[in-house]
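J.:
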Amino acid sequence: MRRRNVLPGLPLSLGVTLFYVGLIVVLPLAALAFKAASLGFEDYWRIVSSSRSMASYRVTVLSALGATAFNLFFGLALAWVITRYRFPGRRIVDAVVDLPFALPTAVAGIALTALFANSGWFGSVLEGFGIKVAYTPLGIMIAMCFTSLPFIVRTVQPVLEDLDPALEEAAQSLGGSDWTIFRKVILPLLAPALLAGVSLSFARCLGEFGAIIFIAGNQPMSTEITALLIFIRLEEYDYQAAAAIASVLLLAAFFMLTVTNWLQARALRYTVKG
Amino acid sequence: MKIHLENVVKTFESFRAVKGVSLDIESGELVALLGPSGSGKTTILRMVAGLEYADGGAIYFGDQDATDIPVRDRGVGFVFQHYALFPHMTVADNIAFGMKVSKVKRDKAAIDQRVTDLLRLVRLEGLGDRFPAQISGGQRQRVALARALAVDPKVLLLDEPFGALDANVRRDLRRWLREIHSELGITTLFVTHDQEEALDLADRVVILKDGQIVQQGTPEEVCRDPKSAFVMKFLGDANVIAADVRDGRAHAGGLSVEAAGVAEGRAELYARPSDIDWSEQGPGIAAEITRVLDRADGRRVLATTGAGEALEFDVEPERVVKAGETGFVTLRRAKVFGV
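Just so you know, the sequences run in chain order A and X. Following the working numbering, the numbering of the first sequence begins with 456 at its first residue and continues without gaps. Following the working numbering, the numbering of the second sequence begins with 43 at its first residue and continues without gaps.
(1) Using a beta-carbon distance below 8 angstroms, is X/VAL233 in contact with chain A?
(2) Between X/GLY140 and chain A, is the shortest Cβ-Cβ distance under 8 angstroms, so that the two count as touching?
(3) Relative to the alpha-carbon of X/ASP289, which residue among X/LEU277, X/GLY303, X/VAL282 has its alpha-carbon at the smallest distance?
(4) Please list, in chain order, the chain X residues whose beta carbon lies closer than 9 angstroms to that of A/VAL640.
(5) Given a threshold of 16 other Cβ atoms within 10 Å of its Cβ, counted over all protein chains shown, does X/THR260 qualify as buried or as exposed?
(6) Taking C-alpha atoms, which residue in X/ILE331, X/SER69, X/ALA301, X/GLN323 lies nearest to X/ALA376?
(7) Tell me the DSSP secondary structure of X/HIS46 in three-state form.
(8) In this structure, does DSSP put A/VAL552 in helix, strand or coil?
(9) Out of A/ASN573, A/SER628, A/SER468, which has the shortest C-alpha to C-alpha gap to X/GLY140?
(10) Where do the N-terminal and C-terminal ends of the beta strand (DSSP E) with X/ILE283 fall, by residue?
(11) Quick check: what's the CA-CA separation for A/ALA572 versus A/VAL588?
(12) Does the beta-carbon distance from X/LEU9 to X/LEU169 come in below 8 angstroms?
(13) Taking the alpha-carbon of X/GLN257 as reference, which of X/GLU367, X/SER64, X/LYS44, X/ILE45 has the nearest alpha-carbon?
(14) Cα-Cα, which of A/CYS600, A/LEU570, A/MET596, A/ILE595 is closest to A/PRO555?
(15) Nearest by alpha-carbon distance to A/ARG721: which of A/GLY630, A/LEU644, A/ALA492, A/LEU689 is it?
(16) Could you compute how far the alpha carbon of A/VAL614 sits from the alpha carbon of X/TYR125?
(17) Is the CB of A/ALA651 under 8 angstroms away from at least one CB in chain X?
(18) By Cβ distance below 7 angstroms, which residues in the same chain neighbour A/ASP553 in space, the five residues on each side in sequence not counted?
(19) Leaving out five residues on either side along the sequence, give the residues of the same chain with a beta carbon under 6 angstroms from the beta carbon of X/SER372.
(20) So, are the CB atoms of X/ALA285 and X/LEU311 less than 8 angstroms apart?
(21) Nearest-angstrom Cα distance between X/ASP339 and X/GLN254?
(22) With the cut-off set at 8 angstroms, would you say X/PHE272 and X/LYS251 are in Cβ contact?
(23) Note down, in chain order, every chain A residue with its Cβ under 8 angstroms from the Cβ of X/PHE57.
(24) Since X/VAL264 contacts X/ALA74 with CB under 8 angstroms, what's their CB separation in whole angstroms?
(25) Measuring CB to CB, does A/LEU650 end up less than 8 angstroms from A/LEU567?
(26) Could you name the residues of chain X that A/PRO613 contacts, counting a contact when the two beta carbons are closer than 7 angstroms?
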C-alpha cells in the first residue's frame, strides 16, 4: 500500500513548489547568466576585469572577510552567552539579535553613518584617536558586521543548546582543562554550524547594499562595493555590464556555498551510520 | 581507595536534594546507591565525582579531604547514563582522550598499547576505528567504561549505567561489569533505581529515600531483613494486609504472626508473593480469586480479601485455579510494620 502523507496531494504540492522555485529563483539567475553571456567573451572579460571592477571586488571581498571573521568570534560568543548563562535581560538580548533581519538595511546604514560621522557620537571620539570609520572600508566592514550578525548566532545557538552537558563533564572527569575541552570537544561539534553560519554571513556581506552605501562614501577605486557598481551600471542602462559584474558575485556565492557544503559534509562524517 | 562521606548536604534552589548522608565505602568494594527518582542518589554520586559541590559535610578519599578538589583533579572515572561519548571521535580516540589531555605525558606508542588493551578488556577488539554512531548501545557503554578506566581512576562511578539499554543487554552487561570489577578490584559506586540490578551486582546496597539513607547492607541483609515498609516495598512486590498488634502478635483474619517490637494497635503485614499459600479450606484470610496470569516462570494469582485488599501470589503451574474461586491464604513469612 502507498504510504499516506500528512499533507495531501504530494504530486500537486511538489509541482507547485518546484514551479515556484523555478520562477522565483532559477529563472532570474538564468536570465542574468543569459544577459551576461550575450556580451561575448572579450567584452565580458573587459568589463569584469576592469580596474574599477577589480577594485570593487577587492574592497567587497576583503570587507566581507573581515566582517565575517569578526562575526565568527563575536557571534559565537554571543550565542554562547545567550545559551549558557541566565541573566536579567537575556531574552531581550536574544530578541535584539534578530533586529538586523527585521530592520530595513537602509535605516541601519543611516543610523550607522550618523553614529560614525565626524560629528557623530562614536565618530567624534574615534576621530581623537585618528580613526576614521565613515566613508572608509572600515565603515563598510561595520555595516556588513551589523547586517550579517544574526546568521552566525542563529546557526550556532540551536547546536549549542543541544550539546549534551555530560560531554563536557565527561571531558572534565578525564582531566581536560577548560581550553582543551573547548578546543577538542565543543569546537569540533560546533564546526558544521559555524561553517554554515560563516557561509551565509559571507554571502550576505558580498550582496549587502542598503546598509553600506550610506556609510561607504562610494568613491570608485577605494570605497565602491560591487553591488553599488552593478547599481550604477543599471542606472546607466548598461544592463549587460551590470549582468556581467553580477555574474561574478553569483559565481563567488556558488563557489562559497559549494566549498562550505563540502567542508560541512567532511565535518559531519562521524554521524554516518554503517 | 576508601571513600568516606560525612554528613553531606546538597540543596538545589529551595529543594534539599541530600539531607545529611554519611557513608563508608571500603577499598575495592562494589556499592549500589538504590532509590526512587528524587531520592538524591545521583546527586550523591555527582558530589563524590566532583561534578557538584557539597553545601555541607565532607568527602574523603582515603585520608585526603576531597570535598573541594575539582573533578579534573579528583582522579575518578565517571560513566554516564547516556554514555556521553564524544561523537566526533572514533572509539579509540574516545578511549585515548583522557591519556592525551593528561598532565602526565605518555608517548603515542604507550597510548596505543593501552587503548588496545582496554578494547580487549571490554571485548571490543577491532572496533577502534568506528564512530560512536556506528556501534550499539551496549557497545557504547562499554567504550564509556574503557574511557573512564583509561586514566587509572582511584574510584569508578557509574550513573544508571544500564538504564538506557534493553533488558537482555542489561543482564549481560551486569555480569560482565561484575567480572571486570573482580578482575581490577577498583572501588566502584553505582547508582540505579532498579532493585534487581543493585541486588545482582553489588557487594553492598545503600537504599535512599528523600535524600537520606534508610537502610544499607549486603543484598542478603536488606532482602531478608528490611527495616521499614518503604524498603520492603521498594525491593520487590509486596502484599499489604491490615493487622492488629496485640500481645506481641499481629492478627489479621484468621492468622496471627510474630510481631516483636511493633507497637500495639494498627499495623500492616507485608508478604512477598512467593510467601503466600493458597488453600480451599481455612484457616487463613478469606479471599476470592479475580484473575489468573500465566507467566514463563509460574502462575500468578490476583485475589481480593474480604476487606477489599488486593493480593498477588504464585501457585504451582500445575495447580488449577480459576477466577471467582474462593479460599484462604496463609503466610509462610511476613514482616509487620506499624502504621
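The C-beta atom is built at its ideal place from N, Cα and C for all residues, glycine as well. Treat the numbers as computed from the prediction; the structure is a model and nothing was measured.
T.: Taking the geometry as given:
(1) Your numbering for residue 233 of chain X matches position 191 in the second sequence. Not closer than 8 angstroms to any Cβ of chain A, the Cβ of X/VAL233 fails to qualify, so no.
(2) Here the question's residue 140 of chain X lines up with position 98 in the second sequence. At least one chain A Cβ lies under 8 angstroms of X/GLY140.
(3) Working through the second sequence from its first residue, we reach residue 289 of chain X at position 247. Comparing Cα positions, the closest option is X/GLY303.
(4) Taking the first residue of the first sequence as position 1, residue 640 of chain A is located at position 185. What A/VAL640 touches in chain X: PHE128, HIS130, MET131, PHE139.
(5) The residue given as residue 260 of chain X occupies position 218 in the second sequence. Around the Cβ of X/THR260, a 10 Å sphere holds fewer than 16 other Cβ atoms; the residue is exposed.
(6) Here residue 376 of chain X corresponds to residue number 334 of the second sequence, with the count starting at 1. When only C-alpha atoms are compared, the closest one is X/ALA301.
(7) Locating residue 46 of chain X in the second sequence gives position 4, where the first residue counts as 1. Here X/HIS46 sits in strand by DSSP.
(8) Counted from its first residue, the first sequence places residue 552 of chain A at position 97. Here A/VAL552 sits in coil by DSSP.
(9) Taking the first residue of the second sequence as position 1, residue 140 of chain X is located at position 98. Closest option to X/GLY140, Cα to Cα, is A/SER628.
(10) Taking the second sequence and counting its residues from 1, one reaches residue 283 of chain X at position 241. From DSSP, the beta strand (DSSP E) with X/ILE283 extends over 281 to 288.
(11) For the purposes of this step, residue 572 of chain A is identified with residue 117 of the first sequence, where counting begins at 1. For the purposes of this step, residue 588 of chain A is identified with residue 133 of the first sequence, where counting begins at 1. Distance between the alpha carbons of A/ALA572 and A/VAL588 is about 7 angstroms.
(12) Only positions 43 to 381 of chain X appear in the structure, and residue 9 of chain X is not among them; the question remains open.
(13) Reading the second sequence from its first residue, position 215 is the one you call residue 257 of chain X. Looking at the Cα atoms, X/SER64 is the closest of the given residues.
(14) Numbered from 1 along the first sequence, position 100 holds the residue referred to as residue 555 of chain A. The shortest C-alpha separation from A/PRO555 is found at A/CYS600.
(15) Residue mapping note: residue 721 of chain A aligns to position 266 of the first sequence, counting from 1. It is A/LEU644.
(16) Numbered from its first residue, the first sequence carries residue 614 of chain A at position 159. Numbered from its first residue, the second sequence carries residue 125 of chain X at position 83. Answer to the nearest angstrom: the Cα atoms are 19 angstroms apart.
(17) Residue numbering aside, residue 651 of chain A sits at position 196 when the first sequence is read from its first letter. No, A/ALA651 lies away from the interface with chain X (no Cβ there is under 8 angstroms from its Cβ).
(18) Walking along the first sequence from the start, residue 553 of chain A turns up at place 98. Result list for A/ASP553: PRO605, in chain order.
(19) Taking the second sequence and counting its residues from 1, the one referred to as residue 372 of chain X is at position 330. In the sequence as displayed, the identity of residue 372 of chain X is Thr instead of Ser. The residues are ASP319, GLY326.
(20) Counted from its first residue, the second sequence places residue 285 of chain X at position 243. Counted from its first residue, the second sequence places residue 311 of chain X at position 269. Against a cut-off of 8 angstroms, the Cβ pair of X/LEU311 and X/ALA285 comes out as a contact.
(21) Position 297 of the second sequence, counted from the start, is the residue given in the question as residue 339 of chain X. Position 212 of the second sequence, counted from the start, is the residue given in the question as residue 254 of chain X. About 36 angstroms.
(22) Here the question's residue 272 of chain X lines up with position 230 in the second sequence. Here the question's residue 251 of chain X lines up with position 209 in the second sequence. Result yes, Cβ atoms of X/PHE272 and X/LYS251 sit closer than 8 angstroms.
(23) Mapped onto the second sequence, residue 57 of chain X falls at position 15. Ordered by position in chain A, no residue passes the 8 angstroms Cβ test against X/PHE57, which lies about 17 angstroms from the chain.
(24) Counting from one through the second sequence, the residue named residue 264 of chain X turns up at place 222. Counting from one through the second sequence, the residue named residue 74 of chain X turns up at place 32. Not a contact, Cβ separation roughly 10 angstroms.
(25) In the first sequence, residue 650 of chain A corresponds to position 195, counting from 1. In the first sequence, residue 567 of chain A corresponds to position 112, counting from 1. It is not a contact, given that the beta carbons lie outside the stated cut-off.
(26) Numbered from 1 along the first sequence, position 158 holds the residue referred to as residue 613 of chain A. The premise fails here: A/PRO613 is roughly 16 angstroms from chain X at the closest Cβ pair, so nothing lies under 7 angstroms.
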